[in-house]
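Q: Residue numbers (the working numbering): 962 to 1250. My structure is below; once you've seen it, I'll send some questions.
Encoded structure:
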């Protein structure tokens, strides 16, 4: 079966007059329709830039040098024109960012921003149809007073409410692929758990494929069907969530799991020293990149 998203040997470097800085070193991964896949690694490992390349954002950055292929529904995003990539965003693919409050424009109401999202798919959607759709979507993300929220500005809402609004907007046009870049990181732990549970339920109902970007192994274990572990811009291990947690094979994956805080015990765990030996070819638990 042809995957919805297939990334082959993706490379990225940032360049200027004085230096050339490689960031991604031949990333390969795939996501099937309706599948939930996690990309996990520490800060600075290349997770978020990978998502921005999938969205077609870094291709428009003059200092970014991108190689390899990013296939979405049989079309190479890297080979598309700027207008073609822009047409995919907010329609066939969408993204939820880390900080919901800063991702929404503070000078516009939720209503005006939501209408703009809906009209990316259907430009001539009437105000009445927009209102009906927005209220339905906000109720779906369990916002109890959608009319009040639509008239509010982002700074008048809590972080949890803004995150639910962002989820509703991201799913509004029934995207085939949702990129979730550590959603809930800026929220309280209890609100984060509620938000992630809600998102899990909604993407299952909408049959939306998800690339879930996180450094939180606990969240990833509950959410994802398959996992790719990234270190210094390289995939070092991949496989089903169950098999990876049952027996992590790569020393970096083992180090990540050893670093998970535990309630019992005392002191910090003995962690393996990070070294270039972590950059060996990726370890597989079965399946394809």
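Positions of the beta carbon are idealized from the N, C-alpha and C atoms, including for glycine.
Just the C-alpha distance for residue 1128 and residue 1057, rounded to the nearest angstrom, thanks.
A: Roughly 7 Å between the two C-alpha positions.
Q: Buried or exposed, going by whether 16 or more other CB atoms sit within 10 Å of the CB of residue 1005?
A: Exposed: under 16 other Cβ atoms inside 10 Å.
Q: What is the C-beta distance between residue 1172 and residue 998, in whole angstroms, given that I count them as a contact (C-beta under 8 Å)?
A: About 6 Å separates the two Cβ atoms, so the contact holds.
Q: Going by alpha carbons, who is nearest to residue 1207 out of 1166, 1193, 1188?
A: 1188
Q: Got a sec, what are the start and stop residues for the alpha helix (DSSP H) residue 1107 sits in?
A: 1107-1112
Q: If distances are taken between C-alpha atoms only, which option among 1097, 1116, 1138 comes closest to residue 1052?
A: 1138
Q: Can you tell me whether DSSP reads residue 1162 as helix, strand or coil?
A: helix
Q: Using only the alpha-carbon positions, how far apart do residue 1215 and residue 1243 sit?
A: The C-alpha of residue 1243 is placed about 14 Å away from the C-alpha of residue 1215.
Q: Assuming residue 1029 and residue 1194 form a contact by the criterion Cβ under 8 Å, report the distance between their Cβ atoms to the nearest whole angstrom.
A: Not a contact, Cβ separation roughly 12 Å.
Q: Mind checking who residue 1123 pairs with in its DSSP beta bridge?
A: BP columns for residue 1123 are empty, so no partner.
Q: Can you give the Cα-Cα distance for residue 1064 and residue 1115, rounded to whole angstroms?
A: If I take the Cα positions, the gap works out to 9 Å.
Q: Buried or exposed for residue 1287, please, with buried defined as at least 16 other CB atoms from any protein chain shown within 10 angstroms of its CB.
A: Only positions 962 to 1250 of the chain appear in the structure, and residue 1287 is not among them; the question remains open.
Q: List the DSSP bridge partners of residue 1037.
A: 1032
Q: Quick one: measure Cβ to Cβ for residue 992 and residue 965, integer angstroms, because I've assumed they're closer than 8 Å.
A: 6 Å
Q: Looking at the structure shown, is residue 998 part of a helix, part of a strand, or coil, going by DSSP?
A: strand
Q: For a quick check, are the C-beta atoms of residue 1131 and residue 995 less than 8 Å apart?
A: no
Q: Can you find the residues in the same chain that come closer than 8 Å, C-beta to C-beta, to residue 970, ignoring five residues on each side of it along the sequence?
A: Taken in chain order, the residues that qualify are 987, 988, 989, 1028, 1029, 1030.
Q: Given this structure, state the Cα-to-Cα distance separating residue 1074 from residue 1108, to the nearest angstrom.
A: Straight-line measurement puts the Cα of residue 1108 at about 14 Å from the Cα of residue 1074.
Q: Where does residue 1006 fall in DSSP's three states?
A: coil
Q: Ordered along the chain, which non-local residues of its own chain (more than five positions away) have a Cβ less than 8 Å from that of residue 1247?
A: 1200, 1201, 1204
Q: Could you tell me which residues DSSP pairs with residue 1026 in its beta bridges?
A: Per the DSSP secondary-structure output, residue 1026 pairs in a beta bridge with 974.
Q: Considering just the uninterrupted stretch of the alpha helix (DSSP H) at residue 1085, what are its terminal residues?
A: Where residue 1085 is concerned, there is no enclosing alpha helix (DSSP H), given that its DSSP letter is neither H nor E.
Q: If we count the other Cβ atoms within 10 Å of its Cβ and call it buried at 16 or more, is residue 1121 buried or exposed?
A: That one is buried.
Q: Along the chain, where does the alpha helix (DSSP H) containing residue 1212 start, and where does it finish?
A: 1212-1219
Q: From what residue to what residue does the beta strand (DSSP E) around residue 1200 run?
A: 1195-1201
Q: Taking 6 Å as the limit between beta carbons, can you name the residues of its chain near residue 1104, skipping five residues before and five after?
A: 1110, 1125
Q: Determine the closest residue to residue 1181 out of 1133, 1196, 1218, 1043, with distance taken between C-alpha atoms.
A: 1218
Q: Specify the secondary structure class of residue 1173 as computed by DSSP and reduced to three states.
A: strand
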